[in-house]
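Structure, as structure tokens:
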Amino acid sequence: MPEADVVKQAKKFYEDVPMKTEGFFLKGAGALDWGMKNRLSRIFNPKTGRTVMFAIDHGYFQGPTTGLERIDLTIVPLMYYADAIMLTRGILRTTVPPTLNKPIVMRCSGGPSILKELSNEELAVDIEDAIRMNVSAITLQVFIGGEFETRSVHNMTRLVDMGIRFGIPTMAVTAVGKDMVRDARYFRLACRICAELGAQIIKTYYIEDGFSTVTASCPVPIVMAGGKKIPEIDALTMAYKAIQEGAAGVDMGRNIFQSDAPEAMMQAIHKVVHENMKPTEAYKLYETLKNEQKKD
Ligand code: R5P
């Protein structure tokens with residue numbers, strides 16, 4: 544007997560209601576497994592399909608970067624405003640409260656410091672440790688055109704393979720060497736290679752000319768990298784343009800934590816990303832919040 548029906552009740556099978564087969568909201572992710580989709584849905588808001596990721600992993604190659612000297616004091620409070628946090632396992636374990644209920648995008652490559660050739664990276668985190676830390680994605684630099692291009696691509700394909708085994712998406716960061724041309728042709732090449740070889744998310748830089756061709760020719764979501772600190776209005780404008788030209792969010796660091804008012808900046812970026820707020824309006828919001836926060 545399948546079920547002991549002590550109290551006889553009419554069972555509800557809703558035979559006339561076909562079961563829905565849901566699609567998936569993220570570009571290129573329809574055929575992924577449940578665990579991978581679930582993790583992606585933690586990083587990208589399923590309502591908007593976008594994310595505000597907060598990058599604070601700079602220390603893995605450049606030590607205590609300006610603004611990241613005391614992550615416990617100045618950065619942890621900002622994490623509550625982000626949709627996801629990109630960081631190293633050292634900072635996660637030493638400094639981030641485990642009660643922080645935010646998806647973690649774990650930096651998994653490293654090796655050279657700013658004193659050496661940066662493309663000479665290796666994988667620096669075991670997948671078992673990533674699982675132990677309950678991360679939502681794993682990430683690394685890929686140096687297309689760099690001195691150690693093949694090594695960094697191979698690092699990525701290994702990370703992708705490990706991630707697929709356990710349902711963890713990989714975000715490839717297209718790193719650009721100092722002397723390399725940052726144009727649409729280069730970013731189309733770099734992003735497409737990373738996606739073709741299996742990365743489920745790509746982080747890349749915004750370019751004024753042809754960014755929409757970079758997002759259009761990449762079959763997975765692209766998040767815009769922030770880059771060096773620029774005036775707030777310019778950073779908001781760059782984020783706005785990237786979103787309007789097909790980015791599925793931003794992954795910004797210095798333009799948030801080196802801002803005069805990081806909390807206000809984070810909130811303004813949210814509006815640009817999730818609500819398509821125009822840059823001038825977002826800048827006004829930034830100024831208002833900045834003044835309010837000064838008074839507190
Ligand atoms: C790339 O080199 C690393 O992921 C960076 O630490 C991070 O992406 C930099 O973020 P931002 O350029 O917005 O400061």
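In this note's numbering, the protein residues as written are 544 to 839.
Glycine included, each C-beta is placed from N, C-alpha and C at the ideal position.
Close-in-space but distant-in-sequence residues of the same chain around residue i (CB under 7 angstroms, 5 per side omitted)
i	result
R632	M649, V668, D672 and M676
R731	T756, V757 and S760
L702	C651, L666, I681, L683 and T713
Residue i versus the options, residue with shortest Cα-Cα distance
i	options	result
N588	N798, P764 and G753	P764
R585	I773, K645, M795 and G796	K645
V678	Y826, S695, V815 and M714	M714
L683	I799, N798, G741 and Y783	G741
V724	D752, T700, I744 and F709	D752
L779	A811, F754, E612 and Y729	A811
F754	P607, A790 and G769	A790
T717	G688, G573 and Y826	G688
K746	M705, G792, I711 and E775	G792
Neighbourhood of residue i by C-beta distance below 6 angstroms, restricted to the same chain and skipping five residues each side
i	result
L661	P655
G610	F800 and Q801
L630	I599 and D600
Y749	M767, M781 and A785
Residues that DSSP places opposite residue i in a beta bridge
i	result
L630	M649
N588	R593
M714	T682 and I744
F767	Note on residue identity: the sequence assigns Met, not Phe, to residue 767. Note: M767 sits in a beta bridge opposite T747 and V793.
L666	S652
A598	M629
Own chain, CB closer than 8 angstroms to residue i, minus 5 neighbours either side, in chain order
i	result
A615	It should be pointed out that residue 615 corresponds to Asp in this sequence rather than to Ala. Cβ neighbours of D615 beyond the five flanking positions: T638.
E664	S652, G653, G654, P655, L683, Q684, F686, F691, R694, S695 and N698
L625	According to the sequence shown, residue 625 is Ala rather than Leu. Once the five neighbours on either side are set aside, the close Cβ partners of A625 are V595, M596, F597, K645 and M809.
Opening and closing residue of the alpha helix (DSSP H) in which residue i lies
i	result
Y783	E775 to Q787
I812	P805 to E818
A727	A727 to E739
Y826	P822 to K838
S802	Segment: none, S802 is in no alpha helix (DSSP H) and carries neither H nor E.
T758	F754 to A759
T700	E692 to F709
Range of the contiguous beta strand (DSSP E) that encloses residue i
i	result
M795	G792 to M795
Q605	No beta strand (DSSP E) holds Q605; the alpha helix (DSSP H) holding it covers G602 to Q605.
*Residues with a Cβ closer than 5 angstroms to any heavy atom of the ligand R5P, in chain order?*
The answer, residue by residue, is A598, D600, H601, G769, G770, M795, G796 and R797.
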